[in-house]
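Residue numbers (this note's numbering), protein chains in the order written: chain A, 18 to 128; chain B, 23 to 136. Note that the Cβ used here is the ideal one computed from N, Cα and C, for glycine as well. A quick note: this is a predicted structure, and the numbers were derived from the prediction, not measured.
Next up, the structure:
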C-alpha cells in the first residue's frame with residue numbers, strides 16, 4: 018500500500034487558486050490516485066481520481082507527472098466553502114477493499 | 023435516492039452500555055463499509071460487506087464490535103460494553119462492486135461515551 022505525504026495545513030484567500038501536492042514515491046503500477054474532501058461533521062466526499070497526466074471535473078483538476086510519484090490537486094478560485102480537509106489516497110488496501118486515509122491537508126480559506 | 027443515511031446522528035451513552043448504529047446505503051450499491059474517525063485523524067477502516075456477506079472483519083477494533091447486513095440492504099454496527107475510548111465518529115460508506123475507490127459516505131454517527 019503506497020504511503021502518501023501531504024502538508025498538514027494550508028491557508029488561502031477567496032478567489033485564489035490552491036494547489037495541494039501529495040507525494041507517493043512507492044506508488045504501484047495499478048494504483049489510481051484519488052482525492053476526497055471532508056467538511057466538519059460530515060463524511061468524506063469523492064472529488065477526483067486519476068491515473069496519469071491531467072484530469073479535470075467541475076470541482077477540481079488533478080495533475081500527475083509522468084513518474085506518478087506525486088500528484089497535485091488544484092482548486093480554482095476558492096471560496097470560503099472550500100474550507101475543509103483534503104485527503105490524498107493511493108491504491109487500496111489490497112484484499113480488504115478499504116480506503117486508507119492519512120491525516121489529510123486542512124485548507125483554511127479566508128475572506 | 024439522496025445518498026447514504028445514518029441513524030442516529032448523535033449518541034451519548036454511559037460506559038458499559040450497548041449501542042447500535044444503522045446505515046442505509048445507496049440502493050444500487052453492493053458494497054457497504056464501516057469506518058471510525060477520531061478527532062484530527064482520517065477515517066479508519068473497520069469492516070465491509072458485499073451484499074449480505076461480511077468479507078472482512080479483522081479490522082474491527084475488538085470483539086465488542088460487530089456488524090450485520092442481513093438482507094444486503096441496510097447495515098447495523100453494534101458496540102457492546104462501551105468504553106470511553108470508543109468515543110468517535112462512525113462513518114458508513116457504500117460503493118459499486120467494481121468501483122471500490124469511489125465510496126459515498128454518510129454523515130456519520132457521533133458517539134460520546136461518558
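Runs of beta strand (DSSP E) lying entirely within the stretch 23-69 of chain B, each at least 3 residues, in chain order: 27-29, 32-35, 41-46, 53-59
Quick check: what's the CA-CA separation for residue 62 (chain B) versus residue 29 (chain A)? 20 Å
Quick one: list the residues of chain A neighbouring residue 128 (chain B), beta-carbon separation under 7 Å, in chain order. 60
Using DSSP's beta-bridge definition, name the partner residues of residue 35 (chain A). A:92
What residues in the stretch 84-113 of chain B have a beta carbon less than 9 Å from any beta carbon of chain A? 111, 113
Buried or exposed: where does residue 68 (chain B) fall if 16 or more other Cβ atoms within 10 Å of its Cβ makes it buried? buried
Quick check on this structure: which residue in B:95, B:35, B:106, B:42 has the alpha carbon closest to the alpha carbon of residue 49 (chain B)? B:95
With H, G and I counted as helix, E and B as strand and the rest as coil, what does DSSP make of residue 125 (chain A)? strand
Can you name the residues of chain A whose CB is closer than 9 Å to the CB of residue 141 (chain B)? Only positions 23 to 136 of chain B appear in the structure, and residue 141 (chain B) is not among them; the question remains open.
Spatial neighbours of residue 135 (chain B) in its chain, beta-carbon cut-off 7 Å, leaving aside the 5 residues before and after: 35, 37, 104, 105, 106, 108, 109
Taking 8 Å as the CB-CB limit, is residue 45 (chain A) close to chain B? no
C-beta neighbour in chain B for residue 118 (chain A), strict 8 Å: yes
Note the first and the last residue of the continuous beta strand (DSSP E) segment covering residue 77 (chain A). Where residue 77 (chain A) is concerned, there is no enclosing beta strand (DSSP E), given that its DSSP letter is neither H nor E.
Consider the Cβ of residue 65 (chain B): report whether some Cβ of chain A lies at a distance smaller than 8 Å. yes
Residue 121 (chain A) at chain B interface by Cβ criterion, 8 Å: yes
Nearest-angstrom Cα separation, counted from residue 124 (chain B) out to residue 107 (chain A): 12 Å
Between residue 104 (chain A) and chain B, is any beta-carbon pair separated by less than 8 Å? yes
Do residue 44 (chain A) and residue 86 (chain A) come within 8 Å of each other at the CB atom, strictly closer than that value? yes
Same chain, Cβ closer than 7 Å to residue 27 (chain A), neighbours up to 5 away in sequence not counted: 35, 37, 122, 124
Using 8 Å as the Cβ pair cut-off and three pairs as the minimum, do the stretch 88-101 of chain A and the stretch 25-32 of chain B touch? no
Determine the DSSP secondary structure at residue 107 (chain B), reduced to helix, strand or coil. helix
Which residues does DSSP list as the beta-bridge partners of residue 88 (chain B)? B:100
How would you label residue 92 (chain A), buried or exposed, when you count the other beta carbons within 10 angstroms and need 16 or more for buried? buried
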